[in-house]
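Peer 1: What follows is a single structure, and I will ask about it in a moment.
Residue numbers (my numbering): 1 to 205.
Laid out in C-alpha coordinates, this is it:
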(Lines of atoms letter the chains of each structure in order from A and count residues from 1; the text may use other names and numbers.)
(Lines give C-alpha, C1' and ligand atoms only; values in the text may rest on other atoms or scores of the structure.)
Protein backbone atom coordinates (compact mmCIF):
# COMPACT_ATOMS: atom_id res chain seq x y z
CA UNK A 1 0.00 0.00 0.00
CA UNK A 2 1.32 3.44 -0.90
CA UNK A 3 1.91 5.20 2.42
CA UNK A 4 2.29 8.60 0.78
CA UNK A 5 -1.03 8.18 -1.00
CA UNK A 6 -2.77 7.29 2.26
CA UNK A 7 -1.21 10.28 4.04
CA UNK A 8 -2.25 12.62 1.21
CA UNK A 9 -5.81 11.27 1.26
CA UNK A 10 -6.10 11.87 5.01
CA UNK A 11 -4.73 15.43 4.74
CA UNK A 12 -6.88 16.24 1.70
CA UNK A 13 -9.98 14.85 3.45
CA UNK A 14 -9.32 17.18 6.36
CA UNK A 15 -8.95 20.17 4.04
CA UNK A 16 -12.14 19.32 2.13
CA UNK A 17 -14.19 18.77 5.31
CA UNK A 18 -12.92 21.92 7.03
CA UNK A 19 -15.89 24.22 7.77
CA UNK A 20 -15.93 27.29 5.58
CA UNK A 21 -17.82 28.93 2.74
CA UNK A 22 -18.11 25.66 0.77
CA UNK A 23 -19.72 23.82 3.68
CA UNK A 24 -22.02 26.70 4.51
CA UNK A 25 -23.29 27.16 0.96
CA UNK A 26 -24.04 23.41 0.66
CA UNK A 27 -26.04 23.50 3.90
CA UNK A 28 -27.87 26.59 2.66
CA UNK A 29 -28.95 24.76 -0.51
CA UNK A 30 -29.64 21.43 1.21
CA UNK A 31 -32.19 23.21 3.41
CA UNK A 32 -34.17 23.83 0.22
CA UNK A 33 -33.84 20.22 -0.95
CA UNK A 34 -31.38 17.35 -0.91
CA UNK A 35 -31.04 17.67 -4.67
CA UNK A 36 -30.09 21.34 -4.42
CA UNK A 37 -27.45 20.54 -1.79
CA UNK A 38 -26.08 17.64 -3.83
CA UNK A 39 -25.89 19.73 -7.00
CA UNK A 40 -24.15 22.51 -5.06
CA UNK A 41 -21.61 19.90 -3.90
CA UNK A 42 -21.00 18.98 -7.54
CA UNK A 43 -20.26 22.63 -8.25
CA UNK A 44 -17.72 22.75 -5.42
CA UNK A 45 -16.03 19.59 -6.74
CA UNK A 46 -15.86 21.31 -10.14
CA UNK A 47 -14.18 24.30 -8.55
CA UNK A 48 -11.66 22.02 -6.83
CA UNK A 49 -10.97 20.36 -10.17
CA UNK A 50 -10.05 23.77 -11.55
CA UNK A 51 -7.74 24.48 -8.59
CA UNK A 52 -5.99 21.13 -8.72
CA UNK A 53 -5.63 21.37 -12.51
CA UNK A 54 -4.01 24.79 -12.09
CA UNK A 55 -1.69 23.35 -9.47
CA UNK A 56 -0.76 20.43 -11.74
CA UNK A 57 -0.08 22.82 -14.62
CA UNK A 58 1.89 25.18 -12.38
CA UNK A 59 -0.32 28.08 -13.42
CA UNK A 60 -1.22 28.73 -9.78
CA UNK A 61 2.35 29.97 -9.28
CA UNK A 62 1.30 33.07 -11.22
CA UNK A 63 -0.89 34.03 -8.28
CA UNK A 64 2.22 34.16 -6.12
CA UNK A 65 4.21 36.10 -8.71
CA UNK A 66 1.44 38.63 -9.33
CA UNK A 67 0.09 39.82 -5.96
CA UNK A 68 -2.43 42.16 -7.62
CA UNK A 69 -4.09 39.23 -9.39
CA UNK A 70 -4.24 37.25 -6.15
CA UNK A 71 -5.87 40.19 -4.34
CA UNK A 72 -8.34 40.73 -7.19
CA UNK A 73 -9.48 37.11 -6.98
CA UNK A 74 -9.77 37.37 -3.19
CA UNK A 75 -11.93 40.47 -3.51
CA UNK A 76 -14.15 38.84 -6.16
CA UNK A 77 -14.57 35.70 -4.05
CA UNK A 78 -15.25 37.71 -0.90
CA UNK A 79 -17.85 39.84 -2.66
CA UNK A 80 -19.65 36.75 -3.97
CA UNK A 81 -19.75 34.97 -0.60
CA UNK A 82 -20.81 38.22 1.11
CA UNK A 83 -23.75 38.74 -1.22
CA UNK A 84 -24.88 35.13 -0.64
CA UNK A 85 -24.88 35.84 3.09
CA UNK A 86 -26.73 39.12 2.72
CA UNK A 87 -29.33 37.50 0.45
CA UNK A 88 -29.85 34.71 3.00
CA UNK A 89 -30.37 37.21 5.83
CA UNK A 90 -32.57 39.42 3.63
CA UNK A 91 -34.88 36.49 2.90
CA UNK A 92 -35.66 36.30 6.65
CA UNK A 93 -37.98 39.27 6.15
CA UNK A 94 -40.52 36.85 4.65
CA UNK A 95 -43.25 35.35 6.88
CA UNK A 96 -42.06 32.40 8.96
CA UNK A 97 -44.68 30.10 7.46
CA UNK A 98 -43.53 30.61 3.91
CA UNK A 99 -40.57 29.17 2.14
CA UNK A 100 -37.45 31.16 2.93
CA UNK A 101 -36.34 30.94 -0.62
CA UNK A 102 -37.85 29.56 -3.78
CA UNK A 103 -36.51 26.16 -4.81
CA UNK A 104 -33.61 26.85 -7.13
CA UNK A 105 -33.14 25.30 -10.53
CA UNK A 106 -30.35 22.71 -10.91
CA UNK A 107 -28.06 25.33 -12.46
CA UNK A 108 -28.50 27.78 -9.59
CA UNK A 109 -26.93 25.72 -6.74
CA UNK A 110 -24.38 24.31 -9.19
CA UNK A 111 -23.27 27.83 -10.03
CA UNK A 112 -23.21 28.85 -6.38
CA UNK A 113 -21.00 25.92 -5.41
CA UNK A 114 -18.65 26.37 -8.35
CA UNK A 115 -18.23 30.14 -8.04
CA UNK A 116 -17.85 30.05 -4.25
CA UNK A 117 -14.99 27.57 -4.56
CA UNK A 118 -13.28 28.68 -7.75
CA UNK A 119 -12.98 32.31 -6.64
CA UNK A 120 -10.92 31.29 -3.62
CA UNK A 121 -7.28 31.71 -4.77
CA UNK A 122 -5.98 30.20 -1.55
CA UNK A 123 -7.24 26.81 -2.71
CA UNK A 124 -4.92 26.92 -5.73
CA UNK A 125 -1.98 27.93 -3.55
CA UNK A 126 -2.78 25.21 -1.01
CA UNK A 127 -2.72 22.47 -3.62
CA UNK A 128 0.27 24.00 -5.41
CA UNK A 129 2.27 23.65 -2.18
CA UNK A 130 0.71 20.32 -1.12
CA UNK A 131 0.76 18.18 -4.27
CA UNK A 132 4.56 18.22 -4.86
CA UNK A 133 5.13 16.89 -1.33
CA UNK A 134 3.49 13.61 -2.33
CA UNK A 135 5.13 13.08 -5.72
CA UNK A 136 8.04 10.59 -5.45
CA UNK A 137 11.30 11.90 -6.88
CA UNK A 138 12.76 10.22 -9.92
CA UNK A 139 9.44 9.30 -11.49
CA UNK A 140 7.02 10.97 -13.87
CA UNK A 141 5.27 13.76 -11.96
CA UNK A 142 2.25 14.24 -14.24
CA UNK A 143 0.42 10.90 -13.68
CA UNK A 144 0.96 11.15 -9.93
CA UNK A 145 -0.26 14.73 -9.63
CA UNK A 146 -3.29 13.94 -11.77
CA UNK A 147 -4.10 11.01 -9.45
CA UNK A 148 -3.80 13.30 -6.40
CA UNK A 149 -6.05 15.87 -8.07
CA UNK A 150 -8.69 13.20 -8.78
CA UNK A 151 -8.54 12.05 -5.14
CA UNK A 152 -9.28 15.61 -3.96
CA UNK A 153 -12.28 15.90 -6.29
CA UNK A 154 -13.59 12.45 -5.29
CA UNK A 155 -13.33 13.35 -1.60
CA UNK A 156 -15.27 16.56 -2.22
CA UNK A 157 -17.98 14.69 -4.12
CA UNK A 158 -18.42 12.14 -1.33
CA UNK A 159 -18.21 14.63 1.56
CA UNK A 160 -20.67 17.20 0.26
CA UNK A 161 -23.15 14.52 -0.86
CA UNK A 162 -23.01 13.24 2.75
CA UNK A 163 -23.59 16.76 4.07
CA UNK A 164 -26.59 17.22 1.76
CA UNK A 165 -27.98 13.82 2.80
CA UNK A 166 -27.57 14.57 6.52
CA UNK A 167 -29.25 17.96 6.25
CA UNK A 168 -32.07 16.36 4.23
CA UNK A 169 -32.52 13.55 6.80
CA UNK A 170 -32.76 16.16 9.53
CA UNK A 171 -34.95 18.24 7.26
CA UNK A 172 -38.24 17.59 9.08
CA UNK A 173 -36.78 19.16 12.22
CA UNK A 174 -34.61 21.74 10.44
CA UNK A 175 -37.55 22.96 8.35
CA UNK A 176 -39.75 23.70 11.33
CA UNK A 177 -40.34 27.46 11.21
CA UNK A 178 -38.35 28.29 14.34
CA UNK A 179 -35.48 25.87 13.66
CA UNK A 180 -35.36 26.87 9.99
CA UNK A 181 -35.09 30.56 10.82
CA UNK A 182 -32.40 29.91 13.43
CA UNK A 183 -30.34 27.82 11.01
CA UNK A 184 -30.92 30.25 8.16
CA UNK A 185 -29.80 33.10 10.40
CA UNK A 186 -26.68 31.18 11.39
CA UNK A 187 -25.92 30.31 7.77
CA UNK A 188 -26.45 33.90 6.63
CA UNK A 189 -24.26 35.29 9.40
CA UNK A 190 -21.52 32.72 8.67
CA UNK A 191 -21.49 33.54 4.94
CA UNK A 192 -21.55 37.28 5.63
CA UNK A 193 -18.64 37.07 8.10
CA UNK A 194 -16.63 34.82 5.76
CA UNK A 195 -17.25 37.13 2.83
CA UNK A 196 -16.32 40.22 4.84
CA UNK A 197 -13.14 38.52 6.04
CA UNK A 198 -12.16 37.65 2.47
CA UNK A 199 -12.84 41.23 1.39
CA UNK A 200 -10.89 42.80 4.25
CA UNK A 201 -7.86 40.51 4.18
CA UNK A 202 -6.33 41.89 0.95
CA UNK A 203 -6.83 45.45 2.25
CA UNK A 204 -5.04 44.91 5.56
CA UNK A 205 -1.31 45.72 5.72
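Backbone N, C-alpha and C fix where the C-beta goes; we use that ideal spot for every residue, glycine too.
When the Cα of residue 26 is compared with those of 77, 191, 201, 196, which residue comes out closest?
Peer 2: Nearest option by C-alpha distance: 191.
Peer 1: Going along the chain, which residues of its own chain have a beta-carbon closer than 6 angstroms to the beta-carbon of residue 14, five neighbours each way excluded?
Peer 2: Excluding sequence neighbours, residue 14 sits near nothing in its chain.
Peer 1: Take every Cβ of the stretch 65-79, pair it with every Cβ of the stretch 155-167, and state whether three or more of those distances are shorter than 8 angstroms.
Peer 2: They do not touch, by the three-pair rule.
Peer 1: Just to confirm my understanding: we take residue 12, look at its own chain, exclude 5 residues before and 5 after, and list those with CB closer than 7 angstroms. What are they?
Peer 2: Hits under 7 angstroms: 151, 152, 155.
Peer 1: Using the C-alpha atoms, what's the distance from residue 93 back to residue 118?
Peer 2: Cα-Cα distance, rounded: 30 angstroms.
Peer 1: Who are the Cβ neighbours of residue 80 in its own chain at under 7 angstroms, not counting the five residues just before and after it?
Peer 2: Once the five neighbours on either side are set aside, the close Cβ partners of residue 80 are 115, 116, 119.
Peer 1: Do you know how far the Cα of residue 55 is from the Cα of residue 125?
Peer 2: Their backbone Cα atoms lie some 7 angstroms apart in a straight line.
Peer 1: Exposed or buried, what is residue 88 when buried is set at 16 or more other beta-carbons lying within 10 Å of its beta-carbon?
Peer 2: Result: buried.
Peer 1: Short of 6 angstroms in beta carbon distance, which residues of its chain neighbour residue 47, apart from the five on each side in sequence? Order them along the chain.
Peer 2: Correct list, in chain order: 114, 117, 118.
Peer 1: With DSSP run on the structure shown, which of helix, strand or coil describes residue 77?
Peer 2: Looking at residue 77 - three-state DSSP - the assignment turns out to be helix.
Peer 1: Tell me whether residue 58 sits in a helix, a strand or coil according to DSSP, three-state version.
Peer 2: Residue 58 falls in the coil class under three-state DSSP.
Peer 1: Just how far apart, CA to CA, sit residue 185 and residue 91?
Peer 2: Rounded to whole angstroms, residue 185 to residue 91 spans 10 angstroms at the Cα level.
Peer 1: For my contact list, residue 30 and residue 36 are in at a C-beta cut-off of 8 angstroms; report their separation, rounded to the angstrom.
Peer 2: So it is a contact: roughly 7 angstroms between Cβ atoms.
Peer 1: Taking the alpha carbon of residue 157 as the reference point, which residue from 41, 18, 34 has its own alpha carbon closest?
Peer 2: Residue 157 has its Cα closest to that of 41, out of 41, 18, 34.
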